[in-house]
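Asks:
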Amino acid sequence: PNLGYAHCLGVLWYWWALHEERRVDALLEKAGGTKVMAADPSSKRALLREGLLAEGVTCKPEDGANCAMKDCAWREDCLSSAPELSHMWERVVACWGMLAAAPEFWKGFEGLTPDQSKELKKTAMNTLRESLLKQCRRWDERLPKDQLRPGVAPPADKYRRLDMMLTAELESAETMLEVGVRTKRGPVACGALMLSALGMEAMARERVATVLQQRPASKTLQRLLDLLSPHRHIAMLVNQNLPKEALKELLALPEAVREGPELRPLMARSLFMLASQKSEMGEVKSALTEWGGAIRCAHGLAFEQEIRKAMVDAVAPAATALEDSDRDGAIALLKEALELGTDGKLQSQLAENYVVRGINTFNEAQQKAQREGLTDAVMAMLESGLADLEEAVRLGSKRAVKQAEAARGAMSYARCGMANAPKEIEELLIRARQAIKEKKLDAGIDCLREARRKLGRKTPESVIQMLSGALNARGVQRANQAGEEIQQRQGRLFDRALTGNFF
3 PNLGYAHCLG VLWYWWALHE ERRVDALLEK AGGTKVMAAD PSSKRALLRE
53 GLLAEGVTCK PEDGANCAMK DCAWREDCLS SAPELSHMWE RVVACWGMLA
103 AAPEFWKGFE GLTPDQSKEL KKTAMNTLRE SLLKQCRRWD ERLPKDQLRP
153 GVAPPADKYR RLDMMLTAEL ESAETMLEVG VRTKRGPVAC GALMLSALGM
203 EAMARERVAT VLQQRPASKT LQRLLDLLSP HRHIAMLVNQ NLPKEALKEL
253 LALPEAVREG PELRPLMARS LFMLASQKSE MGEVKSALTE WGGAIRCAHG
303 LAFEQEIRKA MVDAVAPAAT ALEDSDRDGA IALLKEALEL GTDGKLQSQL
353 AENYVVRGIN TFNEAQQKAQ REGLTDAVMA MLESGLADLE EAVRLGSKRA
403 VKQAEAARGA MSYARCGMAN APKEIEELLI RARQAIKEKK LDAGIDCLRE
453 ARRKLGRKTP ESVIQMLSGA LNARGVQRAN QAGEEIQQRQ GRLFDRALTG
503 NFF
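Structure below.
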């Protein structure tokens, strides 16, 4: 690409575009009417057709070359071969984006100091951007939405998009220079629009993709690759922090295209950005849907861990803020986040919440039992508290181990029909259950007998049944042991009989 040619074309396209804007202004006045019915209100021929129809003229502007109305004031516009305005402004953006990224162009003006060259570049870019924004404001004023045919997008939207294009073109041109793509004439400092116009987009994209493989963590290169895509308009929306608009465009594409390797990073970035915006507004739980989608789309990509970290950094404090007023909500939030992937920090926080809720539930159940007795509701609360503590143990909480053991003991006593046992009785029952569980029946029976002795006539039937069951189990155990000893003795006698060795 030649900087001199780019400069000449940039100036030509700029002033030609402004001239066409003035002609369209005049045609808008001619069209008059309360509504502009054209599908493209910025098209000269569409507006001319409407204006002529309003005057009762039946000529067709597309056949202007054969028009017999030689004195028509609009003949020049009818015969004009000028491209559509949006296309003309895209050429302006492409040329000046290339020039902005080339330091040697601005240094080439004789008599300017380096600082003056920088200031000249800044002024030129600001002037171009202001021209686009001015046209945007003009269209908003001249053609409000209520003067458009239903379903027609306001022309001002095109200029907002052109403003985004300018930002993207400047970024992509400067990044291309950094990447170091070269031709025989020197380095390529072109943006995406200019590369597309020159037919160099595929070559540049291939080169950038190669460099990105060597530097997979580079966000700048990934952004450039996205801007070199045929779907660059979506990348521009993402780069302008407009994730909702980007997702709308993405979801309008076929699923096979949307899920392809080219658009998957854009989908991930859009979802990640929307999740971050929701999180900043305090909608962390709602943002988990977008975080989940972003993690899925980013699987295997360099920024997958960045998304996971951002999610953890948002969920952890949000859950903490809920713990005092809505612990159930905090637990639900943490569980939902952990479904998107394991994280030690969130897991520990969830475990601690289970511990606190389990202890609180147990304490509340015991207080209720004192007032109402061991009702089904109380037993359900005790079981719920124990389940929380056991879940905390599963999640790795060391504090929960002792708490769960104590809760199991309290449950044992509750199942025996006693709401609040003396400490010594509670300990005896805990030891008895643990011993029986470990097949240490003698120790378990001793504990149960001691508990029965201390309780006397108040011993619940369930404790007696537990003792009876332990005694039966020990009887069977001893019978089995005796049988084994008899078999062993018979075996030894048989061996002696065969060998004749009785001594």
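So for the sequence shown, my numbering puts the first residue at 3; every next one is plus one. Even glycine gets a Cβ: it sits at the ideal position worked out from N, Cα and C.
At 4 residues or longer, and completely inside the segment 140 to 211: list those alpha helix (DSSP H) runs for me, N to C.
Replies: 158 to 181 and 194 to 200, all fully within the segment 140 to 211.
Asks: Count the other CB atoms, across all protein chains shown, that sit within 10 Å of the CB of arginine 480; report buried if there are 16 or more and exposed otherwise.
Replies: Against the sequence shown, residue 480 aligns to sequence position 478. Answer is exposed; the Cβ neighbour count stays below 16.
Asks: Cα separation between leucine 30 and glutamate 132?
Replies: To locate residue 30, count along the sequence shown from 1; it is residue 28. To locate residue 132, count along the sequence shown from 1; it is residue 130. Computed Cα separation, rounded: 22 Å.
Asks: By Cβ distance below 7 Å, which residues in the same chain neighbour leucine 223 in space, the five residues on each side in sequence not counted?
Replies: In the sequence shown, residue 223 corresponds to position 221, counting from 1. Within the same chain, leucine 223 has close Cβ partners Val210, Val213, Leu214 and Arg217.
Asks: Just to confirm my understanding: we take isoleucine 427, look at its own chain, exclude 5 residues before and 5 after, and list those with CB closer than 7 Å. What are they?
Replies: As a position in the sequence shown, residue 427 is number 425, starting the count at 1. Result list for isoleucine 427: Ala453, Lys456 and Leu457, in chain order.
Asks: Quick one: Cα of threonine 36 to Cα of aspartate 142, how far?
Replies: On the sequence shown, residue 36 is found 34 positions in, with the first residue counted as 1. On the sequence shown, residue 142 is found 140 positions in, with the first residue counted as 1. Only weak support is given to the placement of threonine 36: the predicted model assigns it a pLDDT of 43, under 50, and the question is left unresolved by the model.
Asks: How many whole angstroms separate the CB atoms of alanine 206 and methionine 178, which I take to be in contact at a CB cut-off of 8 Å?
Replies: Taking the sequence shown and counting its residues from 1, the one referred to as residue 206 is at position 204. Taking the sequence shown and counting its residues from 1, the one referred to as residue 178 is at position 176. That belief holds up - the Cβ atoms of alanine 206 and methionine 178 are roughly 7 Å apart, short of 8 Å.
Asks: Could you spell out the range, first to last residue, of the alpha helix (DSSP H) harbouring threonine 461?
Replies: Counting from 1 along the sequence shown, the entry for residue 461 is found at position 459. Run containing threonine 461: none; DSSP gives neither H nor E here.
Asks: Let's test the definition: count the other Cβ atoms within 10 Å of the Cβ of asparagine 474 and tell me whether it reaches 16, buried, or not, exposed.
Replies: Start at 1 with the first residue of the sequence shown, and residue 474 comes out as number 472. Answer is exposed; the Cβ neighbour count stays below 16.
Asks: Rounding to the nearest angstrom, what Cα-Cα distance links glutamine 149 and leucine 130 in this structure?
Replies: In the sequence shown, counting from the first residue as 1, residue 149 sits at position 147. In the sequence shown, counting from the first residue as 1, residue 130 sits at position 128. Straight-line Cα distance between these residues: approximately 28 Å.
Asks: Would you check if the distance between the CB atom of serine 399 and the CB atom of alanine 472 is smaller than 8 Å?
Replies: If you number the sequence shown from 1, residue 399 lands on position 397. If you number the sequence shown from 1, residue 472 lands on position 470. The answer is no: Cβ separation not under 8 Å.
Asks: Taking the alpha helix (DSSP H) that asparagine 241 belongs to, which residues open and close that run?
Replies: Here the question's residue 241 lines up with position 239 in the sequence shown. Counting along the chain, the alpha helix (DSSP H) containing asparagine 241 begins and ends at 234 to 241.
Asks: Measure the C-alpha to C-alpha separation of leucine 172 and glutamate 257 and round it to an integer number of angstroms.
Replies: Residue numbering aside, residue 172 sits at position 170 when the sequence shown is read from its first letter. Residue numbering aside, residue 257 sits at position 255 when the sequence shown is read from its first letter. Rounded to the nearest angstrom, the two C-alpha atoms are 31 Å apart.
Asks: How far does the alpha helix (DSSP H) with cysteine 74 in it extend, from its first residue to its last?
Replies: For the purposes of this step, residue 74 is identified with residue 72 of the sequence shown, where counting begins at 1. Careful: cysteine 74 lies outside any alpha helix (DSSP H) and carries neither H nor E.
Asks: In the DSSP assignment, find the alpha helix (DSSP H) that holds serine 327 and state where it starts and stops.
Replies: Position 325 of the sequence shown, counting from 1, holds the residue named residue 327. Serine 327 -> no alpha helix (DSSP H), and no H or E assigned at all.
Asks: How should phenylalanine 305 be labelled, buried or exposed, when 16 other C-beta atoms within 10 angstroms of its C-beta is the threshold for buried?
Replies: Counting from 1 along the sequence shown, the entry for residue 305 is found at position 303. So phenylalanine 305 ends up on the buried side.
Asks: When you compare the CB positions of valine 380 and lysine 370, do they come within less than 8 Å of one another, or not?
Replies: Locating residue 380 in the sequence shown gives position 378, where the first residue counts as 1. Locating residue 370 in the sequence shown gives position 368, where the first residue counts as 1. Yes. Within cutoff.
Asks: Using the C-alpha atoms, what's the distance from glycine 193 back to leucine 227?
Replies: Here residue 227 refers to the residue found at position 225 when the sequence shown is read from its first residue. Here residue 193 refers to the residue found at position 191 when the sequence shown is read from its first residue. Cα to Cα, the separation comes out at about 11 Å.
Asks: Would you call asparagine 362 buried or exposed, if buried means 16 or more other Cβ atoms sit within 10 Å of its Cβ?
Replies: The residue labelled residue 362 in the question sits at position 360 within the sequence shown. It counts as exposed.
Asks: If you drop the 5 nearest sequence neighbours on each side, which residues of the same chain put their C-beta closer than 8 Å to that of lysine 46?
Replies: One-based indexing of the sequence shown puts residue 46 at position 44. Same-chain partners within the cutoff: Glu22, Arg25, Val26, Leu29, Asp79, Ser82 and Ala84.
Asks: Using 8 Å as the threshold, is the segment 270 to 285 in touch with the segment 238 to 248, meaning 3 or more CB pairs across them?
Replies: Yes, since at least three Cβ pairs between the segment 270 to 285 and the segment 238 to 248 fall closer than 8 Å, the two stretches touch.
Asks: Taking the alpha-carbon of alanine 270 as reference, which of Pro245, Leu11, Asp159 and Ser281 has the nearest alpha-carbon?
Replies: Residue numbering aside, residue 270 sits at position 268 when the sequence shown is read from its first letter. Ranking the options by Cα distance to alanine 270, first place goes to Pro245.
Asks: Enumerate in chain order the residues of its own chain whose CB-to-CB distance from methionine 166 is below 7 Å, with the five nearest sequence positions on each side excluded.
Replies: Taking the first residue of the sequence shown as 1, we reach residue 166 at position 164. These residues qualify, in order along the chain: Met238 and Gln242.
Asks: Are the beta-carbon atoms of glycine 387 and glycine 360 separated by less than 8 Å?
Replies: One-based indexing of the sequence shown puts residue 387 at position 385. One-based indexing of the sequence shown puts residue 360 at position 358. Against a cut-off of 8 Å, the Cβ pair of glycine 360 and glycine 387 comes out as a contact.
Asks: What number of angstroms, rounded off, separates the C-alpha of glycine 543 from the C-alpha of alanine 445?
Replies: It is not possible to answer for residue 543, since the shown part of the chain is limited to 3 through 505.
Asks: Alpha carbon to alpha carbon, how far is leucine 397 from valine 95?
Replies: As a working note, residue 397 is residue 395 in the sequence shown. As a working note, residue 95 is residue 93 in the sequence shown. One C-alpha to the other measures close to 57 Å.
Asks: Counting C-beta neighbours from all protein chains within 10 Å, is the total for tryptophan 108 16 or more, i.e. buried, or is it exposed?
Replies: Against the sequence shown, residue 108 aligns to sequence position 106. With 16 or more Cβ atoms within 10 Å of its Cβ, tryptophan 108 is classed as buried.
Asks: Should proline 267 be labelled buried (16 or more other beta-carbon atoms within 10 Å of its own) or exposed?
Replies: Locating residue 267 in the sequence shown gives position 265, counting from the first residue. Classification for proline 267: buried.
Asks: In chain order, what residues of the same chain lie with their CB nearer than 7 Å to the CB of isoleucine 438, ignoring the 5 residues before and after it?
Replies: Along the sequence shown, one-based indexing puts residue 438 at 436. The residues are Gly446 and Ala472.
Asks: Aspartate 378: buried (16+ other C-beta within 10 angstroms of its C-beta) or exposed?
Replies: Translated into the one-based positions of the sequence shown, residue 378 becomes position 376. The residue is exposed, with fewer than 16 neighbouring Cβ atoms inside 10 Å.
Asks: Does the separation of the CB atoms of tryptophan 15 and methionine 90 fall below 8 Å?
Replies: Here residue 15 refers to the residue found at position 13 when the sequence shown is read from its first residue. Here residue 90 refers to the residue found at position 88 when the sequence shown is read from its first residue. A contact, by the Cβ cut-off of 8 Å.
Asks: Do three or more CB pairs link the segment 289 to 297 to the segment 335 to 343 at distances below 8 Å?
Replies: Yes, the segment 289 to 297 is in contact with the segment 335 to 343.
Asks: With arginine 396 as the anchor, note down where its alpha helix (DSSP H) starts and where it stops.
Replies: Along the sequence shown, one-based indexing puts residue 396 at 394. First-last of the alpha helix (DSSP H) with arginine 396: 378 to 396.
Asks: Any chance you could list the alpha helix (DSSP H) runs of at least 4 consecutive residues sitting entirely within the segment 245 to 332, in chain order?
Replies: Counting only runs of 4 or more, we get 245 to 253, 257 to 260, 266 to 282, 286 to 299 and 306 to 324.
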